[in-house]
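Going down the list, the sequences are from chains A and B.
For the first sequence, the working numbering begins at 1 and goes up steadily by one.
For the second sequence, the working numbering begins at 1 and goes up steadily by one.
Report on the structure given below.
There are 2 protein chains.
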Amino acid sequence: MATPRQIADPKEMQREALAWRAAGKRIAFVPTMGFLHEGHAALLRDGRKRGDVLVLSIFVNPTQFGPHEDFDRYPRDLPRDLAIADKEGTDVVFLPTKDAMYPAGYSTYVDVGGVSEPLEGEKRPGHFRGVATIVSKLFTTVQPHAAIFGQKDWQQLAVIRRMTADLSLPVEIVGHPIVREPDGLALSSRNVYLSPAERARALGLSRGLGKAESLFASGERRAASLIAEATAEIAPDAGVVIEYVALVDPDTLRAVDPAPARALMALAVKVGKTRLIDNRVFTPAP
Amino acid sequence: MATPRQIADPKEMQREALAWRAAGKRIAFVPTMGFLHEGHAALLRDGRKRGDVLVLSIFVNPTQFGPHEDFDRYPRDLPRDLAIADKEGTDVVFLPTKDAMYPAGYSTYVDVGGVSEPLEGEKRPGHFRGVATIVSKLFTTVQPHAAIFGQKDWQQLAVIRRMTADLSLPVEIVGHPIVREPDGLALSSRNVYLSPAERARALGLSRGLGKAESLFASGERRAASLIAEATAEIAPDAGVVIEYVALVDPDTLRAVDPAPARALMALAVKVGKTRLIDNRVFTPAP
């Protein structure tokens with residue numbers, strides 16, 4: 001089977017990208033940590049429409065994992081990733097090594113304040129510093145005109161938007177809606193960790209968001225009520241531990257109470273040993 | 001008199017720069033805080049040879065000044081700067097406002113560890129964070145192929161080299177030798193602060209470096225002896241206060257003792273209220 005061109009060397013990737021730009025080509029970019037699922041495929045299809053050249057990166061970025069997180073066991077399946085990339089019309093798969101991205105002596109980090117601080121920022125110290133640093137490096141290496149990110153990592157998207165604006169990076173940041181399983185579970189590479197029983201419990205996340213959204217649609221605006229509605233559906237116990245269920249401003253990620261016309265409910269829940277996140281934007285019925 | 005084209009809007013500057021790149025033009029860049037002197041003119045002449053388009057930026061960057069430093073009184077003279085820029089063949093002078101570079105809500109900073117920590121990093125906390133952030137922003141805005149910096153700010157140059165390599169920025173960093181007055185005083189926009197008596201005392205910096213270099217050339221390698229030689233020439237007293245005289249590795253800026261074959265002596269001295277820096281690389285006679 002034909003697979004897309006693979007580039008491992010960041011210098012070669014940047015040379016290619018600068019040559020595409022010099023030739024007037026538009027570069028669309030989908031950065032990932034691999035183990036692609038239908039959510040990533042949707043990002044690639046979106047990117048395919050936005051560029052003459054479509055680049056997918058696969059890099060499990062060590063600097064965005066905490067010391068007790070799952071960097072070492074993060075799932076990997078390159079042959080399957082390449083097949084999906086090929087099917088979606090990817091031109092180049094950029095798969096640098098850790099040592100190529102962070103050579104000995106590496107010491108520069110990009111810090112985004114404000115929007116990176118609550119929620120994931122509190123639960124995963126240093127996570128967004130790692131995200132902002134690697135995305136900034138990937139942008140200078142791949143030189144994209146547009147980059148597409150999934151909205152499941154809503155706060156990540158907000159951090160990247162902030163960084164891109166602040167550092168004047170000439171990249172259009174595109175957020176793509178969450179892709180879900182038919183039963184509502186948001187797609188995530190980490191879903192593979194779930195046992196069948198855990199997977200059933202994980203459905204509480206999207207169901208909880210749906211219940212809270214219905215309550216919001218009925219006119220409820222008190223944060224505590226909306227959060228309680230979602231929490232009840234998640235039904236935390238010894239095997240399902242809520243890290244946060246929060247009602248926040250979708251742009252600043254700061255808590256809101258009562259909810260304004262447009263509010264984001266975001267949550268993080270550990271189901272067994274697997275940490276899952278999900279979110280939904282509540283807007284008034286049209 | 002014809003003056004170079006002036007651009008104040010960062011978005012317009014970036015549009016122009018991307019258009020030059022698309023047209024295959026090579027961009028040379030000299031970032032400054034204005035109040036240009038012959039040292040800056042030398043950077044512009046160097047830049048003129050390195051690019052089809054020569055851009056000078058003038059921006060007194062607030063984030064690299066400490067709360068008790070001289071941001072508010074930093075000298076400015078735009079008409080004279082434009083005349084010098086014109087004389088040296090500058091194509092575009094980029095002079096953004098503070099609000100355009102740091103709009104409300106700005107919250108992203110670039111941090112370079114290691115090389116930024118000793119010397120100026122100790123004496124001016126946050127200084128290099130401001131430098132790395134603004135240089136990174138200026139690079140994404142001006143999109144240079146080459147950027148020219150003076151070696152008087154040796155550590156700044158080392159920090160920028162580190163950042164550029166770490167963030168994979170496609171920019172060649174050029175260090176230009178210090179330009180001095182005939183009597184040895186390193187050119188600095190801050191020299192204008194000096195009274196005639198202070199200016200006479202300020203000559204101790206370059207003389208001290210020269211004395212220490214002679215001692216190094218005679219075979220002395222002990223850091224304490226070399227530092228004492230420079231210190232004696234500076235002759236600190238109530239009006240001349242040494243912040244540091246250090247013998248360091250020219251790349252890592254870490255203290256060395258004894259001096260290896262190639263060592264940097266760097267110093268910072270307050271003469272009256274004016275803080276001056278200077279440095280010299282010691283290498284064995286050929």
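Glycine residues also receive a C-beta, built at the ideal position from the N, C-alpha and C atoms.
For glutamate 233/B, the enclosing alpha helix (DSSP H) begins and ends at 223 to 234. Going by beta carbons, valine 110/A and valine 245/B fall outside the 9 Å limit. Under the Cβ criterion of 9 Å, aspartate 166/A is counted among the residues facing chain B. Counting along the chain, the unbroken alpha helix (DSSP H) around serine 214/B starts and ends at 196 to 217. Only exposed fits lysine 11/B, as fewer than 16 other CB atoms lie within 10 angstroms of its CB.
Between the beta-carbon of histidine 145/A and that of valine 171/A there is about 7 Å, and that keeps the pair under the 8 Å contact cut. A contact between stretches requires three or more CB pairs, one per stretch, nearer than 8 Å, and the stretch 261 to 276 of chain B meets this requirement with the stretch 226 to 237 of chain B. Secondary structure of aspartate 278/A (DSSP, three-state): strand.
For the stretch 92 to 117 of chain A, the set of residues with a beta-carbon nearer than 9 Å to any beta-carbon of chain B comprises Met101, Tyr102, Pro103, Gly105, Tyr106, Ser107, Thr108, Tyr109, Val110, Asp111, Val112, Gly113, Gly114, Val115, Ser116, in chain order. Neighbours of glutamine 14/A in chain B, taken as residues at a C-beta separation under 9 Å, are given in chain order as Ser168, Pro170. Non-local C-beta neighbours of valine 281/B in its own chain, meaning closer than 7 Å and more than five positions away in sequence, comprise Pro250, Arg262, Leu264, ordered along the chain. Neighbours of arginine 21/B in chain A, taken as residues at a C-beta separation under 9 Å, are given in chain order as Leu18, Arg21, Ala22.
A check of alpha carbon separations from asparagine 191/B across Leu167/B, Met13/B, Arg5/B, Gly39/B identifies Gly39/B as the nearest. Counting along the chain, no beta strand (DSSP E) covers phenylalanine 139/A; the unbroken alpha helix (DSSP H) around it starts and ends at 127 to 142. Assigned with DSSP and collapsed to three states, threonine 164/B falls in helix. Take alanine 212/B, set aside five residues on each side of it, and the residues of its chain with a beta-carbon closer than 6 Å to its own are Leu226, Glu229, Ala230, Met265, in chain order. In the DSSP secondary-structure assignment, arginine 180/B is bridged to Ala186/B. Secondary structure of threonine 63/B (DSSP, three-state): helix. In terms of beta-carbon proximity, arginine 162/A lines the interface with chain B, with at least one pair separated by less than 9 Å. Cβ-Cβ distances below 8 Å link leucine 194/B to Ala202, Val271, Gly272, Thr274 in the same chain, with the five nearest sequence neighbours on each side left out; the list follows chain order.
Rounded to whole angstroms, arginine 162/A and phenylalanine 149/A show a C-alpha spacing of 14 Å.
Aspartate 99/B is classed as exposed because its beta carbon has fewer than 16 other beta carbons within 10 Å across all chains shown. Taking 9 Å as the CB threshold, alanine 132/A lines the interface with chain B.
Distances from the CA of serine 189/B to each of Ser107/B, Val53/B, Ile58/B were compared; the closest alpha carbon is that of Ile58/B. In the same chain as threonine 283/A, and ignoring 5 residues on each side of it, the C-beta atoms closer than 6 Å to its own belong to Arg262, in chain order. A Cβ-Cβ distance of about 4 Å is found for the pair alanine 28/B and glycine 47/B, placing them in contact under the 8 Å criterion.
Contacts with chain A at 9 Å (Cβ-Cβ) include serine 136/B. The C-beta of proline 10/B comes closer than 9 Å to at least one C-beta of chain A. Residues of the stretch 138 to 154 of chain B with a Cβ closer than 7 Å to any Cβ of chain A, in chain order: Thr140, Thr141.
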